[in-house]
Every structure is written in C-alpha cells, then in structure tokens.
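First residue of the sequence shown: 1, per UniProt numbering; consecutive thereafter. Only one structure is covered here, and it is reproduced in the block below.
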Amino acid sequence: MKKILAWALVVCINLVLLANSVLIPPNIDDTFLYGNELVKKPSEAGALQVIEYNGIKTLGDEEGNPIQLRGMSTHGLQWFPEILNENAFAVLANDWEANVIRLAMYVGEDGYATNPETIKKESFKGSILQRSTICT
1 MKKILAWALV
11 VCINLVLLAN
21 SVLIPPNIDD
31 TFLYGNELVK
41 KPSEAGALQV
51 IEYNGIKTLG
61 DEEGNPIQLR
71 GMSTHGLQWF
81 PEILNENAFA
91 VLANDWEANV
101 IRLAMYVGED
111 GYATNPETIK
121 KESFKGSILQ
131 RSTICT
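Below is the structure:
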C-alpha cells in the first residue's frame, strides 16, 4: 500500500510540474525588467521633475517625458573603499545600464564623521562623473 501511495505521489508531482511548465503564458511582457528607452543618463535627461503620465504621477526628464531610474547602492564605503574603481562604475553604467548609484557613507564606525575629507575624496572620483550617473 505504501508503494502505491508513493508512486501516486510521484505521478501527481510530475503532473503538477508539467502543468505549470505548459500553462505559463508564452507572451509575458517583461521588457520593463531590462534597459529601455526610459533609462536615460542624467546628461541626456536633464533636470528631473514629477510629471503626470497616463493619470499617474511619475518621474520625468527635463522635457516632461517619463524616465526610469535604475541602479544600486553600495555598502558602507569606509569598510571596503576599493569598490570605488573605474571597472565597477563601467560595469554598472554599460552592462547594467544604471543611471543612479547610492554611495552609502555611514556616520559611525570609522565613517563620515571620523574622516569626512577622505570619504568625500574617495566617493567623488572622476569615474563617477565620467559615467554620467546620479550619485545620491
């Protein structure tokens, strides 16, 4: 009896897995997950503003067109400052199409309050500005 129940369970699991793989709609619009014409570098977008687009308030470029911010945040720069290098910014800007980078500068634990000039110097290297990326 246990063998029959085990086989029945295996068959049911396989049917569920098969049904899920067949029933997934083939035309899922996932283009919003990838870089598109809405992902603009700040040098192209100009000053950002809040606009109304299709009845919804959203972020817009200087000309009033919708814009998408895409990027990432660093960890505390005081712990691993070597993350700020030309290659890291090149990959974020070119491969990931990032147009925003948050440079996390924590106050405590040997952070900004301890050594503000060094943190500023390391954080705002030319590589950031050369990539035309907003740093917050």
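Glycine included, each C-beta is placed from N, C-alpha and C at the ideal position.
- Rounded to whole angstroms, the Cβ separation of residue 99 and residue 50 is 17 Å, and the two are not in contact under 8 Å.
- Within its own chain, the residues whose Cβ lies closer than 8 Å to the Cβ of residue 46, once the five positions on either side in sequence are excluded, are 61, 62 and 63, listed in chain order.
- Residue environment analysis places residue 6 among the exposed positions, since fewer than 16 neighbouring C-beta atoms fall within 10 angstroms of its C-beta.
- Taking C-alpha positions only, residue 106 is separated from residue 91 by approximately 24 Å.
- For residue 62, no beta strand (DSSP E) segment is defined, and its DSSP state is neither H nor E.
- For the set 71, 59, 68 and 77, the Cα lying nearest the Cα of residue 104 is the one of 77.
- For residue 42, the closest C-alpha among the options 110, 93 and 87 is that of 93.
- Assignment of residue 57 by DSSP, reduced to helix, strand and coil, places it in the strand class.
- Excluding five sequence positions before and after residue 12, none of the CB atoms of its chain fall closer than 6 Å to its own CB.
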